[in-house]
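Here the protein sequences come in this chain order: R and S.
Following the numbering used here, the numbering of the first sequence begins with 2 at its first residue and continues without gaps.
Following the numbering used here, the numbering of the second sequence begins with 2 at its first residue and continues without gaps.
Beta carbons: idealized from backbone N, C-alpha and C, even for Gly.
In what follows, a single structure is set out as structure tokens and then discussed.
Number of protein chains: 2
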Amino acid sequence: MNEHILFMKAALLEAEKAYHLDETPIGAVIVHQGNIIGRGYNRRNTDKNSLAHAEIIAINEACQAIGDWRLEECTIYITLEPCPMCAGAIVQARVPSVVFGTRSPKAGFGGSIMNILQINELNHQCEIIEDICKEECSTLIKDYFKNIRSKNNIL
Amino acid sequence: MNEHILFMKAALLEAEKAYHLDETPIGAVIVHQGNIIGRGYNRRNTDKNSLAHAEIIAINEACQAIGDWRLEECTIYITLEPCPMCAGAIVQARVPSVVFGTRSPKAGFGGSIMNILQINELNHQCEIIEDICKEECSTLIKDYFKNIRSKNNIL
Numbered sequence: 002m003n004e005h006i007l008f009m010k011a012a013l014l015e016a017e018k019a020y021h022l023d024e025t026p027i028g029a030v031i032v033h034q035g036n037i038i039g040r041g042y043n044r045r046n047t048d049k050n051s052l053a054h055a056e057i058i059a060i061n062e063a064c065q066a067i068g069d070w071r072l073e074e075c076t077i078y079i080t081l082e083p084c085p086m087c088a089g090a091i092v093q094a095r096v097p098s099v100v101f102g103t104r105s106p107k108a109g110f111g112g113s114i115m116n117i118l119q120i121n122e123l124n125h126q127c128e129i130i131e132d133i134c135k136e137e138c139s140t141l142i143k144d145y146f147k148n149i150r151s152k153n154n155i156l
Numbered sequence: 002m003n004e005h006i007l008f009m010k011a012a013l014l015e016a017e018k019a020y021h022l023d024e025t026p027i028g029a030v031i032v033h034q035g036n037i038i039g040r041g042y043n044r045r046n047t048d049k050n051s052l053a054h055a056e057i058i059a060i061n062e063a064c065q066a067i068g069d070w071r072l073e074e075c076t077i078y079i080t081l082e083p084c085p086m087c088a089g090a091i092v093q094a095r096v097p098s099v100v101f102g103t104r105s106p107k108a109g110f111g112g113s114i115m116n117i118l119q120i121n122e123l124n125h126q127c128e129i130i131e132d133i134c135k136e137e138c139s140t141l142i143k144d145y146f147k148n149i150r151s152k153n154n155i156l
């Protein structure tokens, strides 16, 4: 299996954990020299904490794993295009490569609304690879919102 | 004393803690109904963690203090205009009001390079108040970088 697909599947497993907690299903993993050193899934409501996005949790774990604030030889895999906070956090951690599954047309800052991952004025820009396991990543999110709408109609 | 000045002085005390750790001196406090419910100062090198910016540490503490990911009745005081990660985190936490001491012309995302605090496409925009204790906030940062340059010349 292609390496990008393999690690995106790992990010999808994280996203499914969020789904089971009734959280918007977004997952992330950070890979360093072929090993996953950080994992995270959206836990915003569960943790009652606006910082508890998949990417932030994964970056925190990865910094602890390698004992450095610079994740310079890492790739982050995210099921969804990042929000401004997470895109900014990825740049702050100097992650060279960002792979995401599907775009977030109304809230994505990896190219949709803005591209915070590649700002010329900053001292770090990320390589972006899109559309890895796009169908699975997109279906998971769509199912989640479809279920919410259907629950709201019942109530 | 004007309320904004009072709380910016508290943020400056946080920034001084960073200074004493040889970290770029940036501090933040979050105020809810007249009380400080979150404090933070830059600890990136000390913690070996790219997330350990003043604002992120303060938001984390504030969410725990009020048990909600929404900091809807809060004001954040920051000695320096925020980076993209922190500006995004402030928007994610739906903080209504952002007060900062001085601009960061080369890395600020509260109006200098971009204005992530007021993006029309998102469902939250912050009020921005600038130049509170500007001289003190600016001098602290300038002193820090002057000392670094002077240390580097000695070595």
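List, in order along the chain, the chain S residues whose C-beta lies closer than 9 Å to that of residue i?
i: residue 64 of chain R; result: 48, 49, 50, 51, 52 and 53
i: residue 1 of chain R; result: Lying before the first or after the last residue shown, residue 1 of chain R is absent from chain R, which here runs from 2 to 156.
i: residue 114 of chain R; result: 120, 122 and 123
Classify residue i as helix, strand or coil using the three-state DSSP reduction.
i: residue 116 of chain S; result: strand
i: residue 142 of chain R; result: helix
i: residue 128 of chain S; result: strand
i: residue 98 of chain R; result: strand
i: residue 109 of chain R; result: coil
Using the rule of at least 16 other Cβ atoms within 10 Å of the residue's Cβ for burial, across every protein chain shown, is residue i buried or exposed?
i: residue 76 of chain S; result: buried
i: residue 105 of chain S; result: buried
i: residue 151 of chain R; result: exposed
i: residue 35 of chain S; result: exposed
i: residue 128 of chain S; result: exposed
i: residue 148 of chain R; result: exposed
i: residue 102 of chain S; result: buried
i: residue 13 of chain S; result: buried
i: residue 91 of chain S; result: buried
Just to make sure I have the definition right: I need the residues of chain S whose C-beta is within less than 8 Å of the C-beta of residue i. Which are they?
i: residue 69 of chain R; result: 49
i: residue 153 of chain R; result: Going along chain S, no residue has its Cβ under 8 Å from residue 153 of chain R, so there is no contact; the nearest lies around 18 Å.
i: residue 6 of chain R; result: Under the 8 Å cutoff, chain S gives no residues; its nearest Cβ is about 27 Å from residue 6 of chain R.
Along chain R, in chain order, which residues have C-beta atoms closer than 8 Å to that of residue i?
i: residue 12 of chain S; result: Result: empty, since nearest Cβ-Cβ is about 19 Å, beyond 8 Å.
i: residue 28 of chain S; result: Those do not exist, as residue 28 of chain S stays about 18 Å from chain R at its closest Cβ, beyond 8 Å.
Expressed to the nearest angstrom, what Euclidean distance is found between the alpha-carbon atoms of residue i and residue j?
i: residue 157 of chain R; j: residue 145 of chain R; result: This structure cannot speak to residue 157 of chain R, because chain R is shown only from 2 to 156.
i: residue 55 of chain S; j: residue 153 of chain R; result: 39 Å
i: residue 22 of chain S; j: residue 51 of chain R; result: 28 Å
i: residue 130 of chain S; j: residue 99 of chain S; result: 6 Å
i: residue 120 of chain S; j: residue 19 of chain R; result: 27 Å
i: residue 80 of chain R; j: residue 112 of chain R; result: 15 Å
i: residue 138 of chain S; j: residue 93 of chain R; result: 22 Å
i: residue 82 of chain R; j: residue 123 of chain R; result: 20 Å
i: residue 65 of chain R; j: residue 49 of chain S; result: 8 Å
i: residue 109 of chain R; j: residue 71 of chain S; result: 20 Å
i: residue 68 of chain R; j: residue 28 of chain S; result: 24 Å
Show which residues of chain R have a CB atom less than 7 Å away from the CB atom of residue i.
i: residue 93 of chain S; result: 51, 84 and 86
i: residue 45 of chain S; result: 70
Taking residue i as the query, report the chain R residues whose CB atoms sit under 9 Å from its CB, ordered along the chain.
i: residue 141 of chain S; result: Within chain R, no residue comes near residue 141 of chain S; the closest Cβ sits about 21 Å away, beyond 9 Å.
- Item | 4-residue-minimum alpha helix (DSSP H) runs that sit fully inside the stretch 18-85 of chain R, ordered along the chain | 45-48 and 55-67
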